[in-house]
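Visitor: Each step along the sequence shown adds one to the number in numbering that gives the first Met the number 0, with nothing skipped, and position 126 is 125. All residues carry an ideal CB built from backbone N, CA and C; glycine is no exception. Everything numeric in this text was worked out from a predicted model, so none of it was measured. Before we start, here is the structure in question, set down as C-alpha coordinates.
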Amino acid sequence: MYRVWGFLTEYSLLLVIGAILALIWANTSPESYHHLVEYVLVDNSWIGAMHADAEGHMHRSLTVHFLVNDLLMALFFAMAGKEVWEAIVLEEGSLRGKKAMTPLVATAGGMFGPIAVYLGLAALMGSTTYDAVANGWAIPTATDIAFSYLVGRLVFGAGHPAVRFLLLLAIADDAAGLIILAIFYPSGDLAPQWLLVSFGAALAVFLLANWLPRKLDTGKPDRPWSSFFRAKLSFWPYLIAACISWYAFQESGIHPALGLLPIVPTIPHADRGFGFFAEAEEHMSDLLNHIEHALKYPVEIILFLFGLANAGVEFNSIGTPTWLVMAGLLIGKPFGIWLMGWIAARPLGLGLPEGMRVIDLFVVGCVAAIGFTVSLFVATVAFRVDPGSPNMLAEQAVQDAAKMGALFSFAAAVVALVAGKLCRVQKQDG
0 MYRVWGFLTE
10 YSLLLVIGAI
20 LALIWANTSP
30 ESYHHLVEYV
40 LVDNSWIGAM
50 HADAEGHMHR
60 SLTVHFLVND
70 LLMALFFAMA
80 GKEVWEAIVL
90 EEGSLRGKKA
100 MTPLVATAGG
110 MFGPIAVYLG
120 LAALMGSTTY
130 DAVANGWAIP
140 TATDIAFSYL
150 VGRLVFGAGH
160 PAVRFLLLLA
170 IADDAAGLII
180 LAIFYPSGDL
190 APQWLLVSFG
200 AALAVFLLAN
210 WLPRKLDTGK
220 PDRPWSSFFR
230 AKLSFWPYLI
240 AACISWYAFQ
250 ESGIHPALGL
260 LPIVPTIPHA
270 DRGFGFFAEA
280 EEHMSDLLNH
290 IEHALKYPVE
300 IILFLFGLAN
310 AGVEFNSIGT
320 PTWLVMAGLL
330 IGKPFGIWLM
340 GWIAARPLGL
350 GLPEGMRVID
360 LFVVGCVAAI
370 GFTVSLFVAT
380 VAFRVDPGSP
390 NMLAEQAVQD
400 AAKMGALFSF
410 AAAVVALVAG
420 KLCRVQKQDG
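Shown next as C-alpha coordinates:
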(Lines of atoms letter the chains of each structure in order from A and count residues from 1; the text may use other names and numbers.)
(Lines give C-alpha, C1' and ligand atoms only; values in the text may rest on other atoms or scores of the structure.)
Protein backbone atom coordinates (compact mmCIF):
# COMPACT_ATOMS: atom_id res chain seq x y z
CA MET A 1 0.00 0.00 0.00
CA TYR A 2 2.79 2.42 0.84
CA ARG A 3 5.35 1.54 -1.83
CA VAL A 4 6.60 4.52 -3.80
CA TRP A 5 5.51 4.59 -7.42
CA GLY A 6 7.57 2.68 -9.95
CA PHE A 7 7.34 5.75 -12.17
CA LEU A 8 10.11 7.34 -10.10
CA THR A 9 12.41 4.73 -11.61
CA GLU A 10 10.80 5.01 -15.04
CA TYR A 11 10.98 8.77 -15.40
CA SER A 12 14.50 8.76 -13.99
CA LEU A 13 15.52 6.41 -16.77
CA LEU A 14 13.95 8.53 -19.51
CA LEU A 15 15.42 11.70 -18.02
CA VAL A 16 18.90 10.16 -17.98
CA ILE A 17 18.52 8.89 -21.55
CA GLY A 18 17.54 12.40 -22.66
CA ALA A 19 20.47 13.95 -20.81
CA ILE A 20 22.99 11.45 -22.22
CA LEU A 21 21.71 11.95 -25.76
CA ALA A 22 22.00 15.72 -25.28
CA LEU A 23 25.59 15.45 -24.02
CA ILE A 24 26.62 13.23 -26.93
CA TRP A 25 24.85 15.43 -29.46
CA ALA A 26 26.21 18.72 -28.09
CA ASN A 27 29.76 17.38 -28.05
CA THR A 28 29.65 15.89 -31.56
CA SER A 29 27.51 18.40 -33.44
CA PRO A 30 26.92 21.46 -31.23
CA GLU A 31 25.57 23.63 -34.06
CA SER A 32 22.77 21.23 -34.98
CA TYR A 33 21.93 20.65 -31.31
CA HIS A 34 21.58 24.33 -30.46
CA HIS A 35 19.74 24.95 -33.74
CA LEU A 36 17.09 22.44 -32.67
CA VAL A 37 16.81 23.65 -29.08
CA GLU A 38 16.46 27.30 -30.09
CA TYR A 39 14.36 26.57 -33.18
CA VAL A 40 11.51 29.08 -33.48
CA LEU A 41 8.20 27.26 -33.79
CA VAL A 42 6.06 30.42 -33.93
CA ASP A 43 7.39 33.96 -34.21
CA ASN A 44 5.43 36.94 -32.91
CA SER A 45 3.27 34.60 -30.85
CA TRP A 46 1.24 35.36 -27.72
CA ILE A 47 3.25 32.83 -25.71
CA GLY A 48 7.01 32.44 -25.74
CA ALA A 49 10.24 34.08 -24.71
CA MET A 50 10.49 37.83 -25.05
CA HIS A 51 13.07 39.03 -27.61
CA ALA A 52 14.01 42.29 -29.27
CA ASP A 53 13.97 42.44 -33.07
CA ALA A 54 16.47 44.30 -35.23
CA GLU A 55 14.60 47.57 -34.64
CA GLY A 56 14.51 47.11 -30.88
CA HIS A 57 10.81 46.19 -30.68
CA MET A 58 9.97 43.48 -28.15
CA HIS A 59 8.00 40.42 -29.20
CA ARG A 60 7.51 36.82 -28.12
CA SER A 61 8.86 33.79 -29.94
CA LEU A 62 7.78 30.25 -29.16
CA THR A 63 10.95 28.16 -29.32
CA VAL A 64 11.48 24.46 -28.63
CA HIS A 65 13.33 25.40 -25.43
CA PHE A 66 10.45 27.58 -24.19
CA LEU A 67 7.91 24.91 -25.08
CA VAL A 68 9.72 22.33 -22.94
CA ASN A 69 10.99 24.43 -20.02
CA ASP A 70 8.21 26.96 -19.57
CA LEU A 71 5.09 25.20 -20.82
CA LEU A 72 5.45 21.41 -20.59
CA MET A 73 7.47 21.43 -17.36
CA ALA A 74 4.51 23.18 -15.72
CA LEU A 75 2.90 19.71 -15.62
CA PHE A 76 5.90 18.28 -13.75
CA PHE A 77 5.85 21.07 -11.18
CA ALA A 78 2.08 20.66 -10.82
CA MET A 79 2.58 16.99 -9.92
CA ALA A 80 5.24 17.91 -7.37
CA GLY A 81 2.95 20.63 -6.05
CA LYS A 82 0.10 18.14 -5.70
CA GLU A 83 2.20 15.91 -3.45
CA VAL A 84 3.23 18.86 -1.28
CA TRP A 85 -0.35 20.15 -1.06
CA GLU A 86 -1.72 16.77 0.05
CA ALA A 87 1.10 16.35 2.57
CA ILE A 88 0.09 19.68 4.14
CA VAL A 89 -3.72 19.49 4.18
CA LEU A 90 -4.70 15.82 4.38
CA GLU A 91 -5.14 13.72 7.49
CA GLU A 92 -1.91 11.78 8.05
CA GLY A 93 -0.12 14.17 5.71
CA SER A 94 3.64 13.87 5.98
CA LEU A 95 4.20 17.61 6.37
CA ARG A 96 1.77 17.95 9.27
CA GLY A 97 2.52 17.95 12.99
CA LYS A 98 5.62 17.35 15.06
CA LYS A 99 6.73 14.33 13.02
CA ALA A 100 7.57 16.62 10.12
CA MET A 101 9.54 19.19 12.10
CA THR A 102 12.96 17.52 12.16
CA PRO A 103 12.98 16.87 8.38
CA LEU A 104 11.79 20.43 7.75
CA VAL A 105 14.51 21.94 9.94
CA ALA A 106 17.05 19.66 8.23
CA THR A 107 15.70 20.87 4.88
CA ALA A 108 16.53 24.44 5.92
CA GLY A 109 20.09 23.31 6.64
CA GLY A 110 20.16 21.59 3.26
CA MET A 111 19.43 24.94 1.63
CA PHE A 112 21.39 27.43 3.74
CA GLY A 113 24.47 25.18 3.79
CA PRO A 114 24.87 25.07 -0.01
CA ILE A 115 24.16 28.79 -0.32
CA ALA A 116 26.83 29.60 2.28
CA VAL A 117 29.42 27.36 0.60
CA TYR A 118 28.60 28.60 -2.92
CA LEU A 119 28.66 32.31 -2.09
CA GLY A 120 31.48 31.98 0.43
CA LEU A 121 33.84 30.31 -2.05
CA ALA A 122 32.78 32.75 -4.78
CA ALA A 123 33.63 35.68 -2.48
CA LEU A 124 37.07 34.20 -1.76
CA MET A 125 37.74 34.14 -5.52
CA GLY A 126 37.35 37.90 -5.77
CA SER A 127 34.67 40.43 -6.62
CA THR A 128 34.85 39.83 -10.38
CA THR A 129 34.12 36.13 -10.01
CA TYR A 130 31.52 36.79 -7.32
CA ASP A 131 29.62 39.25 -9.50
CA ALA A 132 29.64 36.82 -12.43
CA VAL A 133 28.32 33.79 -10.54
CA ALA A 134 26.40 35.17 -7.53
CA ASN A 135 23.00 34.85 -9.19
CA GLY A 136 23.40 31.07 -9.25
CA TRP A 137 23.27 30.73 -5.45
CA ALA A 138 20.02 28.71 -5.60
CA ILE A 139 21.33 26.04 -7.99
CA PRO A 140 22.92 23.82 -5.28
CA THR A 141 19.89 24.08 -2.99
CA ALA A 142 17.89 21.62 -5.10
CA THR A 143 17.46 17.90 -4.46
CA ASP A 144 16.40 15.53 -7.23
CA ILE A 145 13.51 13.58 -5.70
CA ALA A 146 13.69 10.49 -7.89
CA PHE A 147 17.44 9.94 -7.99
CA SER A 148 17.89 10.72 -4.30
CA TYR A 149 15.17 8.23 -3.45
CA LEU A 150 16.71 5.51 -5.61
CA VAL A 151 20.22 6.05 -4.19
CA GLY A 152 18.76 6.25 -0.67
CA ARG A 153 17.29 2.78 -1.12
CA LEU A 154 20.70 1.48 -2.20
CA VAL A 155 22.43 3.02 0.82
CA PHE A 156 19.86 2.40 3.56
CA GLY A 157 17.64 -0.35 2.16
CA ALA A 158 13.96 0.07 1.35
CA GLY A 159 12.80 -0.45 4.94
CA HIS A 160 15.10 2.02 6.72
CA PRO A 161 13.34 5.04 8.32
CA ALA A 162 16.00 7.29 6.77
CA VAL A 163 14.50 6.62 3.32
CA ARG A 164 11.13 8.10 4.29
CA PHE A 165 12.96 10.95 6.05
CA LEU A 166 14.93 11.57 2.85
CA LEU A 167 11.81 11.56 0.66
CA LEU A 168 10.08 14.06 2.93
CA LEU A 169 13.19 16.25 2.94
CA ALA A 170 13.45 16.13 -0.86
CA ILE A 171 9.80 17.09 -1.34
CA ALA A 172 10.10 19.97 1.16
CA ASP A 173 13.33 21.03 -0.53
CA ASP A 174 11.68 21.25 -3.93
CA ALA A 175 8.67 23.05 -2.44
CA ALA A 176 11.07 25.68 -1.11
CA GLY A 177 12.74 25.69 -4.52
CA LEU A 178 9.43 26.59 -6.17
CA ILE A 179 9.13 29.56 -3.82
CA ILE A 180 12.70 30.64 -4.60
CA LEU A 181 12.01 30.44 -8.34
CA ALA A 182 8.88 32.56 -7.97
CA ILE A 183 10.48 35.24 -5.79
CA PHE A 184 14.11 35.50 -6.87
CA TYR A 185 14.11 34.47 -10.53
CA PRO A 186 11.45 36.38 -12.46
CA SER A 187 11.31 35.58 -16.17
CA GLY A 188 10.98 39.24 -17.14
CA ASP A 189 9.82 42.60 -15.89
CA LEU A 190 7.46 42.03 -12.98
CA ALA A 191 3.79 42.86 -13.50
CA PRO A 192 2.27 41.48 -10.26
CA GLN A 193 -1.24 42.65 -11.18
CA TRP A 194 -1.42 39.65 -13.52
CA LEU A 195 -1.28 37.38 -10.47
CA LEU A 196 -4.74 38.66 -9.61
CA VAL A 197 -5.91 37.04 -12.87
CA SER A 198 -4.29 33.75 -11.89
CA PHE A 199 -5.72 33.67 -8.39
CA GLY A 200 -9.06 34.93 -9.71
CA ALA A 201 -9.19 31.93 -12.05
CA ALA A 202 -8.32 29.63 -9.15
CA LEU A 203 -10.99 31.14 -6.92
CA ALA A 204 -13.63 31.02 -9.66
CA VAL A 205 -13.06 27.38 -10.55
CA PHE A 206 -12.97 26.38 -6.89
CA LEU A 207 -16.28 28.10 -6.16
CA LEU A 208 -18.11 27.00 -9.31
CA ALA A 209 -16.78 23.48 -9.87
CA ASN A 210 -15.85 22.36 -6.35
CA TRP A 211 -17.51 24.30 -3.52
CA LEU A 212 -20.90 24.95 -5.16
CA PRO A 213 -21.67 21.30 -6.09
CA ARG A 214 -20.77 20.18 -2.55
CA LYS A 215 -22.95 22.95 -1.12
CA LEU A 216 -25.90 21.90 -3.27
CA ASP A 217 -25.34 18.28 -2.20
CA THR A 218 -25.73 19.08 1.51
CA GLY A 219 -28.03 16.47 3.02
CA LYS A 220 -28.12 14.39 -0.18
CA PRO A 221 -26.26 11.08 0.27
CA ASP A 222 -26.21 10.35 -3.48
CA ARG A 223 -24.41 13.68 -4.16
CA PRO A 224 -26.18 14.37 -7.50
CA TRP A 225 -24.54 17.72 -8.23
CA SER A 226 -20.99 16.54 -7.51
CA SER A 227 -21.60 13.43 -9.61
CA PHE A 228 -22.99 15.56 -12.45
CA PHE A 229 -19.97 17.89 -12.46
CA ARG A 230 -17.56 14.96 -12.33
CA ALA A 231 -19.33 12.96 -15.07
CA LYS A 232 -20.21 15.78 -17.46
CA LEU A 233 -17.50 18.37 -16.93
CA SER A 234 -14.66 16.25 -15.49
CA PHE A 235 -11.34 18.12 -15.54
CA TRP A 236 -12.32 20.69 -18.21
CA PRO A 237 -13.11 23.62 -15.87
CA TYR A 238 -9.74 23.11 -14.17
CA LEU A 239 -7.96 22.88 -17.50
CA ILE A 240 -9.43 26.21 -18.59
CA ALA A 241 -8.47 27.79 -15.26
CA ALA A 242 -4.98 26.27 -15.57
CA CYS A 243 -4.48 27.82 -19.01
CA ILE A 244 -5.57 31.23 -17.71
CA SER A 245 -3.31 30.90 -14.67
CA TRP A 246 -0.31 29.82 -16.78
CA TYR A 247 -0.75 32.76 -19.16
CA ALA A 248 -1.11 35.17 -16.23
CA PHE A 249 2.16 33.89 -14.75
CA GLN A 250 3.89 34.45 -18.08
CA GLU A 251 2.61 38.02 -18.24
CA SER A 252 3.40 38.67 -14.57
CA GLY A 253 7.10 37.99 -15.09
CA ILE A 254 7.12 35.01 -12.70
CA HIS A 255 8.37 31.82 -14.30
CA PRO A 256 5.37 30.30 -16.13
CA ALA A 257 6.43 26.75 -15.27
CA LEU A 258 4.93 27.51 -11.86
CA GLY A 259 1.69 28.74 -13.41
CA LEU A 260 -0.43 25.68 -12.61
CA LEU A 261 0.34 25.65 -8.89
CA PRO A 262 -2.54 28.00 -7.86
CA ILE A 263 -5.03 25.61 -9.52
CA VAL A 264 -3.86 22.43 -7.77
CA PRO A 265 -5.50 23.24 -4.38
CA THR A 266 -8.84 23.93 -6.08
CA ILE A 267 -9.25 20.39 -7.46
CA PRO A 268 -11.30 17.91 -5.36
CA HIS A 269 -8.82 15.72 -3.48
CA ALA A 270 -8.79 12.65 -1.26
CA ASP A 271 -9.68 12.90 2.43
CA ARG A 272 -6.45 11.31 3.62
CA GLY A 273 -2.90 10.80 2.41
CA PHE A 274 -0.93 7.60 1.90
CA GLY A 275 2.50 9.18 1.60
CA PHE A 276 4.43 10.67 -1.30
CA PHE A 277 3.66 9.00 -4.64
CA ALA A 278 2.09 6.07 -2.77
CA GLU A 279 0.94 3.19 -4.96
CA ALA A 280 -2.37 3.10 -3.08
CA GLU A 281 -3.28 6.45 -4.66
CA GLU A 282 -3.80 4.64 -7.96
CA HIS A 283 -7.03 3.29 -6.47
CA MET A 284 -8.32 6.65 -5.24
CA SER A 285 -11.33 8.03 -7.12
CA ASP A 286 -10.89 11.73 -6.39
CA LEU A 287 -10.31 14.01 -9.37
CA LEU A 288 -6.88 15.24 -8.24
CA ASN A 289 -5.41 11.73 -8.10
CA HIS A 290 -7.20 10.85 -11.34
CA ILE A 291 -5.54 13.79 -13.10
CA GLU A 292 -2.13 12.98 -11.64
CA HIS A 293 -2.23 9.41 -12.85
CA ALA A 294 -3.45 10.50 -16.28
CA LEU A 295 -0.35 12.71 -16.48
CA LYS A 296 2.03 9.94 -15.43
CA TYR A 297 3.22 8.89 -18.88
CA PRO A 298 3.10 12.34 -20.51
CA VAL A 299 5.32 13.68 -17.72
CA GLU A 300 7.80 10.86 -18.28
CA ILE A 301 8.09 11.98 -21.93
CA ILE A 302 8.32 15.62 -20.85
CA LEU A 303 11.23 14.82 -18.55
CA PHE A 304 12.97 13.04 -21.42
CA LEU A 305 12.54 16.19 -23.52
CA PHE A 306 13.72 18.32 -20.59
CA GLY A 307 16.93 16.30 -20.34
CA LEU A 308 17.39 16.52 -24.10
CA ALA A 309 16.78 20.29 -24.22
CA ASN A 310 18.88 21.27 -21.19
CA ALA A 311 21.75 18.85 -20.68
CA GLY A 312 23.44 19.52 -24.01
CA VAL A 313 26.61 21.08 -22.63
CA GLU A 314 30.06 20.80 -24.17
CA PHE A 315 32.66 19.32 -21.85
CA ASN A 316 34.98 22.24 -22.45
CA SER A 317 32.38 24.38 -20.67
CA ILE A 318 33.64 23.27 -17.26
CA GLY A 319 34.56 26.35 -15.25
CA THR A 320 34.28 28.12 -11.92
CA PRO A 321 30.45 27.82 -11.66
CA THR A 322 30.84 24.05 -12.12
CA TRP A 323 33.02 23.68 -9.05
CA LEU A 324 30.96 26.13 -7.00
CA VAL A 325 27.73 24.22 -7.69
CA MET A 326 29.43 20.92 -6.87
CA ALA A 327 30.96 22.31 -3.68
CA GLY A 328 27.59 23.67 -2.60
CA LEU A 329 25.96 20.29 -3.17
CA LEU A 330 28.69 17.91 -1.99
CA ILE A 331 29.87 19.96 1.00
CA GLY A 332 27.07 22.34 1.93
CA LYS A 333 24.22 19.82 1.67
CA PRO A 334 25.60 17.05 3.93
CA PHE A 335 26.94 19.35 6.62
CA GLY A 336 23.91 21.66 6.50
CA ILE A 337 21.45 18.76 6.86
CA TRP A 338 23.54 17.09 9.57
CA LEU A 339 23.97 20.27 11.62
CA MET A 340 20.38 21.51 11.43
CA GLY A 341 19.01 17.98 11.80
CA TRP A 342 21.09 17.50 14.97
CA ILE A 343 19.87 20.84 16.36
CA ALA A 344 16.26 19.82 15.71
CA ALA A 345 16.66 16.29 17.08
CA ARG A 346 18.74 17.04 20.19
CA PRO A 347 18.77 20.66 21.50
CA LEU A 348 15.21 21.31 20.28
CA GLY A 349 14.10 17.85 21.41
CA LEU A 350 12.11 17.06 18.26
CA GLY A 351 13.76 13.66 17.91
CA LEU A 352 14.41 11.35 14.98
CA PRO A 353 12.35 8.47 13.57
CA GLU A 354 12.80 5.27 15.53
CA GLY A 355 15.77 3.34 14.21
CA MET A 356 17.54 6.41 12.77
CA ARG A 357 20.83 7.75 14.23
CA VAL A 358 22.20 11.29 14.16
CA ILE A 359 25.10 10.17 11.96
CA ASP A 360 22.51 8.92 9.45
CA LEU A 361 21.61 12.58 8.89
CA PHE A 362 25.03 13.15 7.31
CA VAL A 363 24.53 10.19 4.97
CA VAL A 364 21.05 11.48 4.10
CA GLY A 365 22.71 14.81 3.26
CA CYS A 366 25.14 13.07 0.92
CA VAL A 367 22.27 11.37 -0.88
CA ALA A 368 20.29 14.64 -1.06
CA ALA A 369 23.27 16.29 -2.79
CA ILE A 370 22.07 14.88 -6.12
CA GLY A 371 20.64 18.05 -7.64
CA PHE A 372 20.24 17.11 -11.31
CA THR A 373 16.67 17.87 -12.52
CA VAL A 374 15.78 20.95 -10.50
CA SER A 375 19.40 22.15 -10.39
CA LEU A 376 19.48 22.05 -14.19
CA PHE A 377 16.24 23.97 -14.30
CA VAL A 378 17.46 26.64 -11.86
CA ALA A 379 20.79 26.96 -13.73
CA THR A 380 18.87 27.71 -16.92
CA VAL A 381 16.77 30.34 -15.17
CA ALA A 382 19.51 31.88 -12.99
CA PHE A 383 21.90 32.42 -15.89
CA ARG A 384 19.34 33.22 -18.54
CA VAL A 385 20.87 33.81 -21.98
CA ASP A 386 19.49 36.71 -24.00
CA PRO A 387 19.96 35.92 -27.72
CA GLY A 388 20.07 39.64 -28.50
CA SER A 389 22.63 40.52 -25.84
CA PRO A 390 26.16 41.60 -26.88
CA ASN A 391 27.38 39.42 -23.99
CA MET A 392 25.50 36.36 -25.22
CA LEU A 393 28.59 34.14 -25.51
CA ALA A 394 29.78 35.00 -22.01
CA GLU A 395 26.28 34.41 -20.60
CA GLN A 396 26.09 31.05 -22.37
CA ALA A 397 29.50 30.02 -20.99
CA VAL A 398 28.45 30.74 -17.40
CA GLN A 399 25.14 28.92 -17.85
CA ASP A 400 26.81 25.87 -19.41
CA ALA A 401 29.43 25.72 -16.65
CA ALA A 402 26.69 25.82 -14.00
CA LYS A 403 24.78 23.07 -15.83
CA MET A 404 27.89 20.89 -15.75
CA GLY A 405 27.89 21.26 -11.96
CA ALA A 406 24.27 20.07 -11.85
CA LEU A 407 25.12 17.08 -14.08
CA PHE A 408 28.24 16.21 -12.08
CA SER A 409 26.17 16.14 -8.89
CA PHE A 410 25.63 12.47 -9.71
CA ALA A 411 29.00 12.04 -7.99
CA ALA A 412 27.03 12.41 -4.76
CA ALA A 413 25.73 8.86 -5.33
CA VAL A 414 29.26 7.47 -4.99
CA VAL A 415 29.96 9.77 -2.03
CA ALA A 416 26.76 8.57 -0.35
CA LEU A 417 27.64 4.89 -0.82
CA VAL A 418 31.10 5.47 0.69
CA ALA A 419 29.64 7.56 3.53
CA GLY A 420 27.14 4.79 4.25
CA LYS A 421 29.97 2.27 4.63
CA LEU A 422 32.12 4.59 6.79
CA CYS A 423 29.16 5.48 9.02
CA ARG A 424 28.23 1.79 9.31
CA VAL A 425 24.70 2.13 8.06
CA GLN A 426 22.74 -1.06 8.68
CA LYS A 427 20.61 -1.71 5.61
CA GLN A 428 17.00 -2.59 6.29
CA ASP A 429 15.40 -4.22 3.27
CA GLY A 430 12.16 -5.20 4.96
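(1) Secondary structure at Met49, three-state DSSP: helix, strand or coil?
(2) How long is the line joining the alpha carbons of Gln249 and Pro267, rounded to whole angstroms?
(3) What are the start and end residues of the beta strand (DSSP E) that includes Ser60?
(4) What residue range is occupied by the uninterrupted alpha helix (DSSP H) comprising Val150?
(5) Which residues does DSSP pair with Ala42 in a beta bridge?
(6) Pull up the CB-CB distance for Gly327 and Tyr117, whole angstroms please, since I reckon it's below 8 Å.
(7) For Ala344 versus Ala169, is the C-beta spacing smaller than 9 Å?
(8) Using only the alpha-carbon positions, how far apart do Ile19 and Leu304 sit?
(9) So if DSSP puts Glu291 in a beta bridge, which residue, or which two residues, is it bridged to?
(10) When DSSP labels each residue in this structure, what does Glu37 get in the three-state scheme?
(11) Taking C-alpha atoms, which residue in Leu14, Leu66, Ala51, Leu238 lies nearest to Leu35?
(12) So the candidates are Pro346, Arg229, Ala133; which of them puts its Cα closest to the Cα of Leu120?
(13) Am I right that Trp24 and Gly311 are in contact with their C-beta atoms under 8 Å? What's the rounded C-beta distance?
(14) Around the Cβ of Asp130, are there at least 16 other Cβ atoms within 10 angstroms (buried) or fewer (exposed)?
(15) Using only CA atoms, which one of Phe164, Ala381, Met403, Leu149 lies nearest to Trp337?
(16) Ignore the nearest five residues each way along the sequence and tell me which others in Phe76's own chain have a CB closer than 8 Å to its CB.
(17) Three-state secondary structure (DSSP) at Cys422?
(18) Val474 and Met391: beta carbons closer than 9 Å?
(19) Take every Cβ of the stretch 356 to 375, pair it with every Cβ of the stretch 283 to 301, and state whether three or more of those distances are shorter than 8 Å.
(20) Put Phe6 into one of helix, strand or coil per three-state DSSP.
(21) In terms of residues, what are the limits of the alpha helix (DSSP H) holding Gly199?
(22) Cβ atoms of Thr379 and Asn26: under 9 Å apart, would you say?
(23) Taking Met100 as part of the alpha helix (DSSP H), name the residues at either end of that continuous run.
(24) What is the residue span of the alpha helix (DSSP H) that Arg229 lies within?
(25) With a Cβ-Cβ cutoff of 9 Å, do Ile262 and Ala201 count as a contact?
(26) With burial defined as no fewer than 16 other Cβ atoms inside 10 Å of the residue's Cβ, what is the status of Val417: buried or exposed?
(27) For Trp45, tell me which candidate among Gly158, Gly340, Trp245 has the shortest Cα-Cα distance.
(28) Are Asp359 and Ala157 close, meaning C-beta to C-beta below 9 Å?
(29) Does the stretch 136 to 156 come close enough to the stretch 339 to 354 that 3 or more CB-CB pairs lie under 8 Å?
Guide: The relevant details are as follows:
(1) Looking at Met49 - three-state DSSP - the assignment turns out to be strand.
(2) 26 Å
(3) 57 to 62
(4) 144 to 155
(5) The amino acid occupying residue 42 in the given sequence is Asp; Ala does not appear at that position. BP columns for Asp42 point to Ser60.
(6) 4 Å
(7) Contact flag unset, no.
(8) 12 Å
(9) None; Glu291 has no bridge partner.
(10) Correct three-state label for Glu37: coil.
(11) Leu66
(12) Of Pro346, Arg229, Ala133, the residue nearest in Cα terms is Ala133.
(13) 6 Å
(14) exposed
(15) Phe164
(16) Leu177, Ala256, Leu257, Leu259, Leu260
(17) coil
(18) Outside the shown range of the chain (0 to 429) lies residue 474, about which nothing can therefore be said.
(19) no
(20) Bear in mind that the predicted position of Phe6 carries a pLDDT of just 47, short of 50, making it too unreliable to give a figure here.
(21) Unbroken alpha helix (DSSP H) run through Gly199: 192 to 205.
(22) no
(23) 100 to 123
(24) Segment: none, Arg229 is in no alpha helix (DSSP H) and carries neither H nor E.
(25) yes
(26) exposed
(27) Trp245
(28) no
(29) no
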